[in-house]
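Enquirer: Read left to right, the sequence shown gives residues 21 to 396 (the working numbering). We put the CB at the ideal spot given by N, CA and C, even for glycine. These numbers come from a predicted model, not from an experiment. Sharing a structure, written as structure tokens. Questions coming.
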Amino acid sequence: QESLKMKHLDPHYRVKHLVYLAIMGEKDVRRVTNERLLEEVMDLLDVNPLDEPYLVPRIKVALEDAYFRMKEIGGANLTIDNCLDVESLIINLELDRVGFLKKISPSGLLYCVENQTQLADVISTGSHDVFCYSAAVETHSTGKRQDMPLVFFEQVVCAECEVKSADIRDQDDMENYCYDCFKATHARGKRQRHCVSLPYRTFCAQYPECEASYICFETGEVLSTKAVARMRKSAARQNFTLFGLRKAAYSKKLFANNLDRLMSILQNHIDRQYPLSPWFIFYDKALAPYWYNFQTHERKMADPNNLINPPKPGQENEDDDEEQEEEVEKEGDQQYLSNAAGAGNLRDTHAARFAAQGAVFDVPPPVHVKFALPMK
21 QESLKMKHLD
31 PHYRVKHLVY
41 LAIMGEKDVR
51 RVTNERLLEE
61 VMDLLDVNPL
71 DEPYLVPRIK
81 VALEDAYFRM
91 KEIGGANLTI
101 DNCLDVESLI
111 INLELDRVGF
121 LKKISPSGLL
131 YCVENQTQLA
141 DVISTGSHDV
151 FCYSAAVETH
161 STGKRQDMPL
171 VFFEQVVCAE
181 CEVKSADIRD
191 QDDMENYCYD
201 CFKATHARGK
211 RQRHCVSLPY
221 RTFCAQYPEC
231 EASYICFETG
241 EVLSTKAVAR
251 MRKSAARQNF
261 TLFGLRKAAY
271 SKKLFANNLD
281 RLMSILQNHI
291 DRQYPLSPWF
301 IFYDKALAPY
311 WYNFQTHERK
321 MADPNNLINP
331 PKPGQENEDD
341 DEEQEEEVEK
351 EGDQQYLSNA
361 AGAGNLRDTH
371 AARFAAQGAV
381 FDVPPPVHVK
391 FALPMK
């Protein structure tokens, strides 16, 4: 009993216990998650849906994956300790925070919140701030911060301008470039035929835990060797063309003269989207779908034929919306969530302003000093 009481003091164990109670005995994944369970888990994981709505889908999917894990290994082999990998979930949440920060950063780079001049290398799971190596050691070597794990992430700087994040790696001159610098430096001459690739690690579209090794040119997906082996078993996809992601042996289709194709693959299949809508779909005991708003705690019945488009901001129901002809002045979040032309900027939303407190975006450009030789 004493050991059990000590376990319940650990928030990670309480998350596992909640998930275990939710999935055991359940026969349909749609009944696993509900708004009450998600709010309890988010409270234990230090996630506020008002400030970080883009993290809610990650938690919801993780809870649903625990159900499929139970189906895979069997309910008799499932315990509280192995029903959910909370450490992996926390790491993914921190990486999502880093990815969102890079989205709202004008240069795509993150700088340390302590010295504000060096590139950030880690993010703290306690304060959710980004630090360089030296600042992380200084701030996490004493006190309660010693127990806060640090999550490492990767940043690549353009070798030409040195102020933007690199999007492309030139395999011939072994340098990283942003899109504009690569276009400017490879506009003519033999550099037009240089071979390009992605400058950082990417992960498989089908198996997110595996590092991607190939790009499928027909579908644009990034795939691991495990996914490729599975894909080759299908007769319809045996003839698809695959290119290695980080190797120099490329076809001419991925040379610099077809850079736009590589960038479209990057944007459509590799760049992660961070939805800011507070509406999420759930199912009641009768498996009837409904929308729930984590910010206003509203609940609305959903159309079973339209489970993709959430209710519009400020809309109570369709009848009232048709009767109201006056347009409500929208701010920040509502402008961004509306799909109208000229919608608001992501950096003007509340989630972006809140996340910006954990990183530094603007750093003065490097100064190159030329020393003249002394005259004889």
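Measure the alpha-carbon distance for VAL39 versus CYS198 and round it to whole angstroms.
Expert: Locating residue 39 in the sequence shown gives position 19, where the first residue counts as 1. Locating residue 198 in the sequence shown gives position 178, where the first residue counts as 1. Cα to Cα, the separation comes out at about 43 Å.
Enquirer: Just how far apart, CA to CA, sit GLY146 and PRO77?
Expert: Here residue 146 refers to the residue found at position 126 when the sequence shown is read from its first residue. Here residue 77 refers to the residue found at position 57 when the sequence shown is read from its first residue. Whole-angstrom Cα-Cα distance: 21 Å.
Enquirer: Within the continuous alpha helix (DSSP H) that includes GLU84, where are the two ends?
Expert: As a first step, residue 84 is located in the sequence shown; it is residue number 64 there, counting from the start. Note, GLU84: alpha helix (DSSP H), 76-93.
Enquirer: Let me know if LEU113 comes out buried or exposed under the rule of 16 or more other beta-carbons within 10 Å of its beta-carbon.
Expert: Here the question's residue 113 lines up with position 93 in the sequence shown. LEU113 comes out buried.
Enquirer: Taking C-beta to C-beta, are ARG117 and GLU174 nearer than 8 Å?
Expert: Within the sequence shown, numbered from 1, the residue matching residue 117 stands at position 97. Within the sequence shown, numbered from 1, the residue matching residue 174 stands at position 154. In this structure, GLU174 does not lie closer than 8 Å to ARG117 by Cβ.
Enquirer: So the beta strand (DSSP E) GLU174 belongs to, where does it begin and stop?
Expert: The residue labelled residue 174 in the question sits at position 154 within the sequence shown. Looking at the DSSP string, GLU174 is not in any beta strand (DSSP E), and its letter there is neither H nor E.
Enquirer: Go through its chain and collect everything with a Cβ distance to ALA372's Cβ below 7 Å, but skip five positions before and after it.
Expert: For the purposes of this step, residue 372 is identified with residue 352 of the sequence shown, where counting begins at 1. Closer than 7 Å at the Cβ level, and outside the excluded window around ALA372, lie ILE124, LEU366.
Enquirer: How close, in whole Å, do the beta carbons of VAL171 and VAL142 come, if the pair is a contact with beta carbons under 8 Å?
Expert: In the sequence shown, the residue the question calls residue 171 occupies position 151. In the sequence shown, the residue the question calls residue 142 occupies position 122. The Cβ separation is near 6 Å, so the contact holds.
Enquirer: Do PHE314 and PRO73 have their beta-carbon atoms positioned less than 8 Å apart in this structure?
Expert: Counted from its first residue, the sequence shown places residue 73 at position 53. Counted from its first residue, the sequence shown places residue 314 at position 294. Yes; because the gap between Cβ atoms is below 8 Å, this pair is in contact.
Enquirer: CA-CA distance, GLU60 and LEU29?
Expert: The residue labelled residue 60 in the question sits at position 40 within the sequence shown. The residue labelled residue 29 in the question sits at position 9 within the sequence shown. Their backbone Cα atoms lie some 15 Å apart in a straight line.
Enquirer: Given this structure, state the Cα-to-Cα distance separating ASP382 from HIS148, to the nearest angstrom.
Expert: Residue mapping note: residue 382 aligns to position 362 of the sequence shown, counting from 1. Residue mapping note: residue 148 aligns to position 128 of the sequence shown, counting from 1. Roughly 19 Å separates the two Cα atoms.
Enquirer: Helix, strand or coil, according to DSSP, for ASP340 in the structure here?
Expert: Position 320 of the sequence shown holds residue 340. With a pLDDT of 49 at ASP340, under the threshold of 50, the predicted position of this residue should be treated as unreliable, and no value is reported.
Enquirer: Buried or exposed for THR316, please, with buried defined as at least 16 other CB atoms from any protein chain shown within 10 angstroms of its CB.
Expert: By 1-based counting over the sequence shown, the position of residue 316 is 296. So THR316 counts as exposed.
Enquirer: Do GLN138 and CYS152 have their beta-carbon atoms positioned less than 8 Å apart in this structure?
Expert: Sequence index remark: in the sequence shown, residue 152 carries index 132 (1-based). Sequence index remark: in the sequence shown, residue 138 carries index 118 (1-based). Contact: yes.
Enquirer: Is it a yes or a no for the region 198-213 touching the region 226-233, going by three-plus beta-carbon pairs under 8 Å?
Expert: No, the region 198-213 does not touch the region 226-233.
Enquirer: Who are the near neighbours of VAL67 in its chain, counting only those whose CB is closer than 6 Å to its CB and skipping five residues on each side?
Expert: Position 47 of the sequence shown, counted from the start, is the residue given in the question as residue 67. Contacts found: LEU75.
Enquirer: Name the residue from LEU104, PRO309, LEU64 whose alpha carbon lies nearest to the alpha carbon of LEU41.
Expert: Taking the sequence shown and counting its residues from 1, one reaches residue 41 at position 21. Selected option, being the one with the closest Cα: LEU104.
Enquirer: According to DSSP, which residues form a beta bridge with TYR131?
Expert: Position 111 of the sequence shown, counted from the first residue, corresponds to residue 131. Per DSSP, LEU139, VAL380.
Enquirer: Under a three-way DSSP split, which group does MET194 fall into?
Expert: Here residue 194 refers to the residue found at position 174 when the sequence shown is read from its first residue. Correct three-state label for MET194: coil.
Enquirer: Use the C-beta contact count for SER297: other C-beta atoms within 10 angstroms, 16 or more gives buried, fewer gives exposed.
Expert: For the purposes of this step, residue 297 is identified with residue 277 of the sequence shown, where counting begins at 1. So SER297 counts as buried.
Enquirer: Can you pull the DSSP bridge partners for ASP397?
Expert: No answer is possible for residue 397: the residues shown for the chain start at 21 and end at 396.
Enquirer: What residue from ALA322, HIS32, ARG292, PHE260 has the CA that sits closest to PHE302's CA?
Expert: As a first step, residue 302 must be located in the sequence shown, where it is residue number 282. Of the candidates ALA322, HIS32, ARG292, PHE260, the one whose C-alpha sits nearest the C-alpha of PHE302 is ALA322.
Enquirer: In whole angstroms, give me the CA-to-CA distance for ASN102 and PHE263.
Expert: As a position in the sequence shown, residue 102 is number 82, starting the count at 1. As a position in the sequence shown, residue 263 is number 243, starting the count at 1. Those two C-alpha atoms are separated by around 37 Å.
Enquirer: Considering Cα atoms alone, identify which of GLY128, SER154, VAL150, GLU231 is closest to GLU182.
Expert: Mapped onto the sequence shown, residue 182 falls at position 162. Here the closest residue by C-alpha is GLY128.
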